[in-house]
Each structure stands twice: as structure tokens, then as C-alpha cells.
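Peer 1: Supplied in C-alpha cells, the structure appears directly below.
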Amino acid sequence: MGKGQRATQSYKSTEFIEQARDEDGLVVGGNPFKVAPSTSASLLGDKAAAAASPAPATCISAANLAAGSSRREEAPELEAVPSFILVTTYLSYLMLIVFAHLRDFFGKIFYPEQYVQLREQNGYAPMVSDFESLWTRRLYGRIRDCFNRPITGVAGGHVNLLDRVSHDFNRTFEFTGRLTNALNLASYNYLGFAQSEGPCADKVEAAMIENGITQGSSRAEAGRTRLLAETEDMVARFVGTEAALIVSMGYATNAMNIPAVVGKGCLIISDELNHSSLVSGARLSGATIRVFRHNNTRDLEKVLRRNISQGQPRTHRPWKKILVVVEGLYSMEGEFCNLPDIVELRRRYGFYLFVDEAHSVGALGPRGRGICDHFGVDPREVDILMGTFTKSFGAAGGYIAGTRAFIDYMRLHSHSAVYAEAMSVPVLAQVSASMRMIMGEDREHALEGQQRLDQLAINSRYFARRLAEMGFMTMGDPGSPVIPLLLFSPAKIPAFSRECLKRNIAVVVVSYPATPIITGRVRFCISASHTREDLDYALEQISEIGDLLLLKFHKDKVHQDQHAAALKKLD
Amino acid sequence: MVLQSLKKLNYQYEVTTGLYMLEDWEKCIVNSVVCASFALIAYTTFSHLPTQGMGFAQQLASYAA
Numbered sequence: 014m015g016k017g018q019r020a021t022q023s024y025k026s027t028e029f030i031e032q033a034r035d036e037d038g039l040v041v042g043g044n045p046f047k048v049a050p051s052t053s054a055s056l057l058g059d060k061a062a063a064a065a066s067p068a069p070a071t072c073i074s075a076a077n078l079a080a081g082s083s084r085r086e087e088a089p090e091l092e093a094v095p096s097f098i099l100v101t102t103y104l105s106y107l108m109l110i111v112f113a114h115l116r117d118f119f120g121k122i123f124y125p126e127q128y129v130q131l132r133e134q135n136g137y138a139p140m141v142s143d144f145e146s147l148w149t150r151r152l153y154g155r156i157r158d159c160f161n162r163p164i165t166g167v168a169g170g171h172v173n174l175l176d177r178v179s180h181d182f183n184r185t186f187e188f189t190g191r192l193t194n195a196l197n198l199a200s201y202n203y204l205g206f207a208q209s210e211g212p213c214a215d216k217v218e219a220a221m222i223e224n225g226i227t228q229g230s231s232r233a234e235a236g237r238t239r240l241l242a243e244t245e246d247m248v249a250r251f252v253g254t255e256a257a258l259i260v261s262m263g264y265a266t267n268a269m270n271i272p273a274v275v276g277k278g279c280l281i282i283s284d285e286l287n288h289s290s291l292v293s294g295a296r297l298s299g300a301t302i303r304v305f306r307h308n309n310t311r312d313l314e315k316v317l318r319r320n321i322s323q324g325q326p327r328t329h330r331p332w333k334k335i336l337v338v339v340e341g342l343y344s345m346e347g348e349f350c351n352l353p354d355i356v357e358l359r360r361r362y363g364f365y366l367f368v369d370e371a372h373s374v375g376a377l378g379p380r381g382r383g384i385c386d387h388f389g390v391d392p393r394e395v396d397i398l399m400g401t402f403t404k405s406f407g408a409a410g411g412y413i414a415g416t417r418a419f420i421d422y423m424r425l426h427s428h429s430a431v432y433a434e435a436m437s438v439p440v441l442a443q444v445s446a447s448m449r450m451i452m453g454e455d456r457e458h459a460l461e462g463q464q465r466l467d468q469l470a471i472n473s474r475y476f477a478r479r480l481a482e483m484g485f486m487t488m489g490d491p492g493s494p495v496i497p498l499l500l501f502s503p504a505k506i507p508a509f510s511r512e513c514l515k516r517n518i519a520v521v522v523v524s525y526p527a528t529p530i531i532t533g534r535v536r537f538c539i540s541a542s543h544t545r546e547d548l549d550y551a552l553e554q555i556s557e558i559g560d561l562l563l564l565k566f567h568k569d570k571v572h573q574d575q576h577a578a579a580l581k582k583l584d
Numbered sequence: 078m079v080l081q082s083l084k085k086l087n088y089q090y091e092v093t094t095g096l097y098m099l100e101d102w103e104k105c106i107v108n109s110v111v112c113a114s115f116a117l118i119a120y121t122t123f124s125h126l127p128t129q130g131m132g133f134a135q136q137l138a139s140y141a142a
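Protein chains in written order, with the working numbering: chain A, 14 to 584; chain B, 78 to 142.
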């Protein structure tokens, strides 16, 4: 069968396909890209051509692609929580807020000199609004010793915490002079490159001796050195695009580069749980911002259709550009974005896609190339790929990658390229050395990069599975190196942190402004530098703490599942 | 031994209701409010439940007959 024969057999006619639609105008049956091929197979004569799709590279990517595109509608986690926990959480917050208001009220009457910044003075308005600072003063301030703990030395698999003690309920702290060497489940050290000794550190020293420490200028003026140009090319090769631009600060990569891409008259559609750097960049740009519900492709499509049909706010003219901003891995939830579905939407509606891979580059995918590698999606399908070097590469700063024309435009128009200092030499050398090691191009340590990637994947899956088996309520997709564990009650948040510190484990607990107020959580960051003994020790201690603090909400469900599985085996 | 388990129960009570985060005098206030409520509920239960229970039983008997 030759090409000519296949072509004449391909299309019978162009008949109009009537599809059932619901009241939003969306195709019934969920994913229209699953429905459409099966009905238009009647048009195509060749069944094989209808069923063919670009095959992903490895079977891991294929499994992730299938999982991503067949993901059910997001059910909120709060449905699975025992109502006793929700009731006690609400009542505790109510009691704490009542106490906060009462203390403010009586404090301003009886101790006026302690509330100087909240009262009017000599006709001047109060410096700080007492209602807006209520959370920080009265709730966060009560448990301040669990946040911002000072550390010293390298924050690798283990970290040295400086002990401190407070005699007046966390208003002031004193250092006792002692150190605690704790297991570090708090640092973003996914591949374990936060080391002060080793091949990367040697290369950094050599680069500093050769090039000095600073670039001495912004990139546009006199800061373009050979090291920077080579590293930018390497980043582009790593991610799979044509060119890349390196920015010296991760937050500024988003905040400065989104305004260079979109402006007034454009539309930004961003996920509701995007990082504050993306929100800053979007607001700075002056574009119109619309928000869609977290990881909900259906809601994204609804928002797109509504805004494309309505146009700009008052004039109803068509939008100049539509940019959809998502993150590869959301660090507070440990969830991936639904990249295959979003890429299909992009093919259909024609918007520009911006993926922030801050947590996923170097940590996801069989070769560590990020979320495109994890799902088997071609990186050329994403218009702008952004990432940071802080998490997996043990350095600081960020990059933007895309087509050569786009990056050439950004080199001239982005404020970070023109006005900000170019990345300093030691950090750049660390990026270069660690990326070379992950890609396997470092001749003396050819296998170490892949070993680190495999170790991270194994560690994170093991930890997540064990936590779920113990009956804790964890969030996150399998394979994510960030594992949040839900705590809910405001008193369990500091209790968990202090219990962990007693047992020499350093964790990050997260509460209101960063997460919704009900779901306080503790967020474990797994690293490739954690050994199996470290993880087992941590899991033992966490299980004890979970029993002590009554955190194992799903223990009955786990038992039921195990019973069901055992019964099935007997049949 | 018993003291240990009582301490553990008290810790779990404080952590579940949010008292763990309050200073000692605030805990006293909340605990006294809770104790006063329990005392009032216990008083009304013990003083009215027997007579009301007998009353219900008599009414049910009269309906059944």
C-alpha cells in the first residue's frame, strides 16, 4: 500500500458531527479529545490513522500521560475529613480570634504604651492597622518559634539548627549557644546538590579563581561572559528548547519577565494557587487577569470561552494576546498541573502557554528534564518554559526558555536582562557543574546524575506510600518530591513542629496566608541525599507523633481497604 | 503511670481544641467556662431528668392503653 493509495482512502466526506453539549457549551462526556476521534473515525477510512497518536518516548512517560489525561474531576480533599476534625478546627479558630480581639481591646485600655503603633498619636494616624495585623500579632506571633528557625552550615540532608529559647511567649528570643543537628526535611534540596564539598564545589572554586566573583555589570552592557553564554546554551539543551535566558533571582524571573511578554489589552489566565512571583508579574504587567480553579481543565475551558467571546472589558475588542500561566509542580499541594490536557486546549484555542517549572525541573521525569519529560509532552508545545535553579541544582536564580526569536526579543526588552546584574560567577559555575552532572556529560562522574534522579524518585514514592499506609491524610501525586500532610487544627501545627524538633527532625509547617485557613499542613521535601535509614527513622517518629496528636484520619479507611484486598485475594 | 496517661489525655485535649496555643491564664479562663457549663448541664440533668423521665413513661403508658 503506497502513500497515494492511503491518501485517497483517508477522507470520505466532511459531514457535520452533532455532539451533545451541556449548558456551558462544553462537550458532554468530559474530555472532548477522547470523544472526537472515536466519532470522526467514521469519516476516516483508515482505522489505524484515526487511532495513531505521537508515541511517548518511554513507558514511564506513557503511563503518566494516561494518568494525566484520564484524571477524574478534582474532588476536594475536605470531603474525606471526619467532621469532628472540621468542627474542632473551626471552633479553635473562633476561640483564638475572640481572644485576639479581647486582648487588643483590653490592652489598648490598660497598657497603652505597648500599643503605640496601633493608636492615634498627636493627630497622626496609626502606623499599623490593628485589624490587618491581627493575624501576624496574635496568631502567628504566638507560635513564632516554629517558623524562621536560624540555621548554620550547609542545609543538606542534615542541618544544624541554632537552639533558642523564649521567656515571654515568643516576643523575644535568646540563643542558648547550642546546636541541634537535625534531619532536614525542610530544604529544597531535591537532588542533594546542596554540598560544600564534592565535584561541583571544586568546579566552583576553579571558576572563581579564573573569573573572579562578580560579573560587574548587567547582562546587556558588559556582563555577557563566555561562562554565561555557555550555561545559557546548556540550559536550553537541558530543557529541550532553542534558547534560554538566565536571570540572577528566581522571584524576579517571573516578576520582571511576564511584563515584558504581555501588557495592557492582553489577558492572563492563571491558576488560583499560583506562586506570588507569578501574581506579582501579572499585576505589574497591567494586563487583565482572570483566574481558573486549581487544576480544573474544564473550568479553564469555560473561562477561555467566556473571555474570548466577550473580548476586552469595555470595548469588546478581541484580546491582543492570551497567556495561560500554570505551574509544573505546586509546592503547597504536591500536585502536577494537567499538562497534556492544557496542551490539547492550546492546540484548539491558540493561547500562549507559560509553565513555571520552579519545583519540577531536575526533579521530575525519567531524565530529570521537568514536567514535559514526566508526561512525555514535547517541550516545543509549551511557548515559555520558566524554571529556577534553587531547588534541584543547589544554586540560585532562574531561567526563561523558548524559541530563539522569543529569547532574542527578551534579551532586549526584559528588565532583568537590561537593568539587573548578571548572575555571579560561583552561582553560575554551580549551575553549570550540576546541570552537566545531571545530563551525564561530566566524564568523571558520568553515572552520578542519573543515580541521584533515581534515588529521588524512589525516596519520594517510598515516603508517600508509607505515609498513606499509616493512615495520614497526605496530598500530592505519586512521584512528587514534595509531600504535604494535612494537620487542620491550629494547635496541631506548632505541636507537630515542636515534637519533630524534640526528635531531631526539621520540618516546615504552613498555615494561613500560604494555604487556605482550614488546611494547615506540614510539608516534607524529600531529597536524594536522604538514605533509607534516614527516611525510616523519620517515618517512625512521624508515626509516633501522629498517634500522640491524633492525626491518622484515614486509619479506618486504610484498614477497610486492606480487608477488602485480602478478601478479594481469598476469592 | 496513671499520671502519665492523664497528662497525655490533657495534651490531646489541648491540641484538639486549640488551648495549646494560649497562655496559662487564658487557659484558666477557657477551662473555667467549660467546667461551669458542664456543672450547669449536670445540675439540670440530675435535678430534672428523673421527674421528666417518669412523666414521659406515664404519657407513653396512657397512649399505649
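Every residue gets a Cβ at the ideal spot worked out from N, C-alpha and C, and that includes glycine.
(1) Residues bridged to A:D662 by DSSP?
(2) Would you list the residues sitting across from A:Q134 in a DSSP beta bridge?
(3) What number of angstroms, rounded off, separates the C-alpha of A:V141 from the C-alpha of A:A527?
(4) Can you give me the Cβ contacts of A:N287 inside the same chain, cut-off strictly under 7 Å, excluding the 5 residues immediately before and after it?
(5) Compare the C-alpha of A:V178 against each of A:A257, A:L192, A:F566 and name the closest.
(6) Okay, do the stretch 510-517 of chain A and the stretch 98-109 of chain B touch, 3+ Cβ pairs below 8 Å being the bar?
(7) In or out: A:E218 buried (at least 16 other Cβ within 10 Å) or exposed?
(8) With a threshold of 8 Å between beta carbons, is B:Q81 in contact with chain A?
(9) Tell me which residues of the stretch 143-169 of chain A have at least one Cβ-Cβ distance to chain B shorter than 7 Å, keeping chain order.
(10) Say whether chain B places a C-beta atom closer than 8 Å to the C-beta of A:K505.
(11) Taking 8 Å as the CB-CB limit, is B:G95 close to chain A?
(12) Going by Cα to Cα distance, which pick from A:Y432, A:F406, A:R479 is closest to A:S589?
(13) Please return the same chain residues whose Cβ sits closer than 6 Å to the Cβ of A:I413, not counting the five positions on each side in sequence.
(14) Residues of chain B with a CB under 7 Å from the CB of A:T101: which are they?
(15) Rounded to whole angstroms, what is the Cα-Cα separation between A:C666 and A:Y201?
(16) Is the number of C-beta pairs between the stretch 270-281 of chain A and the stretch 301-308 of chain A that are closer than 8 Å three or more?
(17) Who are the near neighbours of A:V520 in its chain, counting only those whose CB is closer than 8 Å to its CB and skipping five residues on each side?
(18) If you measure from the beta carbon of B:Q129 to each beta carbon in chain A, is any gap under 8 Å?
(19) Just how far apart, CA to CA, sit A:G489 and A:P139?
(20) Just how far apart, CA to CA, sit A:L580 and A:H572?
(21) Whole-angstrom Cβ separation of A:S447 and A:A408, contact assumed at under 8 Å?
(22) Just to confirm my understanding: we take A:G559, look at its own chain, exclude 5 residues before and 5 after, and list those with CB closer than 7 Å. What are they?
(23) Of the residues that make up the stretch 168-197 of chain A, which ones have a beta carbon closer than 8 Å to any beta carbon in chain B?
(24) Does the beta-carbon distance from A:S473 to A:I496 come in below 8 Å?
(25) Counting only the same chain and skipping the five closest in sequence on each side, list residues whose C-beta sits under 6 Å from that of A:A481.
(26) Just confirm the distance between the C-beta atoms of A:L297 and A:P272, as a whole number of angstroms; I'd bet it's less than 8 Å.
Peer 2: On the basis of the supplied data:
(1) Because chain A is modelled from 14 through 584, residue 662 of chain A falls outside the range shown and cannot be assessed.
(2) For A:Q134, which the question treats as bridged, DSSP gives the partners A:Y137.
(3) Distance between the alpha carbons of A:V141 and A:A527 is about 22 Å.
(4) Counting only Cβ-Cβ distances below 7 Å, and skipping sequence neighbours, we find V338, E340.
(5) The shortest C-alpha separation from A:V178 is found at A:L192.
(6) Result no; under three Cβ-Cβ pairs closer than 8 Å.
(7) Per the 10 Å Cβ criterion, exposed.
(8) So no, B:Q81 is outside the interface.
(9) So the list reads R155, I156, given in the order they occur along the chain.
(10) For A:K505, the answer is yes, since a Cβ of chain B falls inside 8 Å of its Cβ.
(11) Yes, contact with chain A.
(12) Past the edges of chain A, shown from 14 to 584, lies residue 589 of chain A, and the structure says nothing about it.
(13) Only L258, N270, M399 meet the Cβ criterion.
(14) Under the 7 Å cutoff, chain B gives T93, T94.
(15) Outside the modelled stretch of chain A, which goes from 14 to 584, sits residue 666 of chain A, for which no answer is possible.
(16) The stretch 270-281 of chain A and the stretch 301-308 of chain A touch, with no fewer than 3 CB-CB distances between them shorter than 8 Å.
(17) So the list reads L198, A199, F509, S510, C513, V535, R536, F537, once near-sequence residues are dropped.
(18) Taking Cβ atoms only, chain A never reaches closer than 8 Å to B:Q129, which makes this a no.
(19) Going by the C-alpha atoms only, they are around 43 Å apart.
(20) Whole-angstrom Cα-Cα distance: 12 Å.
(21) About 7 Å separates the beta carbon of A:S447 from that of A:A408, a gap short enough to meet the 8 Å contact definition.
(22) M483, F485, K565, listed in sequence order.
(23) Per Cβ criterion, the list reads F182.
(24) Yes, Cβ-Cβ distance for A:S473 and A:I496 is below 8 Å.
(25) Close CB contacts of A:A481 within its chain, under the 6 Å cut and outside five residues either way in sequence, are with T487 (chain order).
(26) Right, the Cβ-Cβ distance comes to about 5 Å (below 8 Å), so this counts as a contact.
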